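Take the sequence shown: its position 213, counted from the start at 1, is 213 in the working numbering, and no numbers get skipped.
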Amino acid sequence: METHLRLVRYLADGQYHSGEALASALGLSRAAIWKAVRKASERLGLVIESRLGKGYRLTAPLELLDAERLLGAMSPAGRGRISRLEIHDAIDSTNAQLLRAGQVGAPSGTLCLAECQTAGRGRRGRAWVSPFGANLYLSLLWRYPGGPGELGGLSLAAGAALARVLEGAGVADIGLKWPNDLLWRRRKLGGLLLEVAAEAQGPSLVVVGLGLNTQLRGDQVQGIDQPWVDLDEILGPGGYSRNQLAAHLAEALTATLEAYGREGLAPFLPLWDRYDRYRGEEVEIRLGDRLVRGIQAGITAQGTLRLEVAGETRIFHSGEVSLRLAQPETAPATTRTG
Ligand code: BTN
């Protein structure tokens, strides 16, 4: 592991550590510690304070991901569904990593997390802002015998199951925005990205990726173009454990992916309805550069969206579609919505 990453593990508690103590713990000179501090600030965007006579500290403590803590927070059944666990300090994208692993035979239940992503991917070709230690970046690989046509409702089932976990963790007012957004009071808390590699008639390999904001700083969010929120704001710093939450989310995700293979979306429809925050609202659907306005009327048994437009029900597939609350007629249209 690179020196600056080893240093961050020591500083994660948010306490002061003297240069001397760090040098002796890491087996480095004090000059090398200073270099590692600079590298951690520059490369990872961490704010490290240095005080004469006291040493160095991270201004905000971090709970770094830890395989033992994560697996230890799962039930035996949940642990049993994880066939392989990878935790990276940095990776291009946890989804990309599992698509690569899938090509060389990684089994269902391969779980990948990272502290940061250098090329995090969002829906519709967008980037996903992925600073170090500030979010959860979690992907799960699953294999199905059928073709991609059978997977249309999978992301909705996954979203509903994850919303339930977040509610259980104390996130009252958690909601879903079709097809893949996790919302808190209409601000984006997280999102799901499903990527599939499949033969038309099967088999299919699916990677479900979850990005969940936990501790984003204002200076890290330039790339986010919609109202957002993080768990620190909702639950308070220290109001949750990153490892425990990742464990519970991963456990729910594996259970959902397994159940979906047997029963499809049907058992998850009531859960989706419970968290659907835009039902009955006037919304806009963007299809390329076309906007369709209507009343959001829930989802079909296949997971497509119902929109009441001028007395008729129209159906939309997720694909490249985006949905938002209708803007006042006078507001200029914007293409930058999630
Ligand atoms: C969205 O656009 O709302 C979906 C965002 C999904 C981001 C997650 S972070 C973990 C996984 N790896 C990626 O590159 N993307 C997904």
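From the three backbone atoms N, C-alpha and C, an ideal C-beta is built for every residue, glycine too.
Predicted model, so just to flag it, every value in this text is computed and none were measured.
With at least 16 other beta carbons inside 10 angstroms of its own, valine 229 counts as buried.
In the DSSP annotation of this structure, the continuous segment of the beta strand (DSSP E) that includes asparagine 213 starts and ends at 204 to 213.
Counting only runs of at least 3 residues, the region 44 to 78 fully encloses the following beta strand (DSSP E) elements, listed from N- to C-terminal order: 48 to 51 and 55 to 58. Within its own chain, the residues whose Cβ lies closer than 8 Å to the Cβ of threonine 304, once the five positions on either side in sequence are excluded, are Gly152, Ile315, Phe316, His317 and Ser318, listed in chain order. The closest CA to that of glycine 159, considering only Leu249, Arg262 and Pro227, is found on Leu249. Selection Arg57, Thr256, Arg143 and Ala326 evaluated against glycine 202 yields Arg143 as nearest (Cα-Cα). CA-CA distance, alanine 259 to valine 196, rounds to 18 Å. Sequence-distant partners of arginine 293 (beyond 5 residues in either direction) whose C-beta falls short of 6 Å from its own C-beta, in its chain, are Glu284 and Ala326. Closer than 7 Å to some heavy atom of ligand 1: that does not describe the Cβ of glycine 109. Classified as exposed, leucine 287 has fewer than 16 neighbouring CB atoms from the shown chains inside 10 Å of its CB. Between the beta-carbon of valine 207 and that of asparagine 95 there is about 5 Å, and that keeps the pair under the 8 Å contact cut. Judged by DSSP secondary structure, serine 155 falls within the alpha helix (DSSP H) whose first and last residues are 154 to 168.
By the Cβ-count criterion, serine 50 is exposed, with fewer than 16 other Cβ atoms from all chains shown falling within 10 Å of its own Cβ. Between the C-alpha atoms of valine 129 and aspartate 289 there is a straight-line separation of about 25 Å. For tyrosine 240, the secondary structure class from DSSP, reduced to helix, strand or coil, is coil. A Cβ-Cβ contact shorter than 8 Å links alanine 90 with threonine 118. With a contact defined as Cβ atoms closer than 8 Å, alanine 163 and tyrosine 137 miss out at about 18 Å.
A straight line joining the alpha-carbon of glutamine 244 with that of leucine 307 spans about 38 Å.
Where serine 24 is concerned, the enclosing alpha helix (DSSP H) starts and stops at 19 to 26. One Cα belongs to isoleucine 33, the other to leucine 52, and the distance between them is close to 15 Å. For alanine 77 against leucine 141, the beta-carbon gap comes to about 19 Å, at or over 8 Å, which does not count as contact.
Annotation for valine 309: no alpha helix (DSSP H) segment contains it, though the beta strand (DSSP E) segment containing it runs 305 to 309.
Residue range 94 to 103 is occupied by the alpha helix (DSSP H) that includes arginine 100.
Checking the 7 Å criterion, the Cβ of tyrosine 137 is within range of a heavy atom belonging to ligand 1. Check the Cα spacing between alanine 301 and each of Arg277, Ile82 and Leu265: the tightest is with Leu265. When DSSP reads this structure, glycine 294 sits in a beta bridge with Val283. Under DSSP, aspartate 13 forms no beta bridge with any residue. If you ignore the 5 residues before and after tyrosine 16, its C-beta comes within less than 6 Å of the C-beta of Lys54, Gly55 and Arg57, all in its own chain and listed in chain order.
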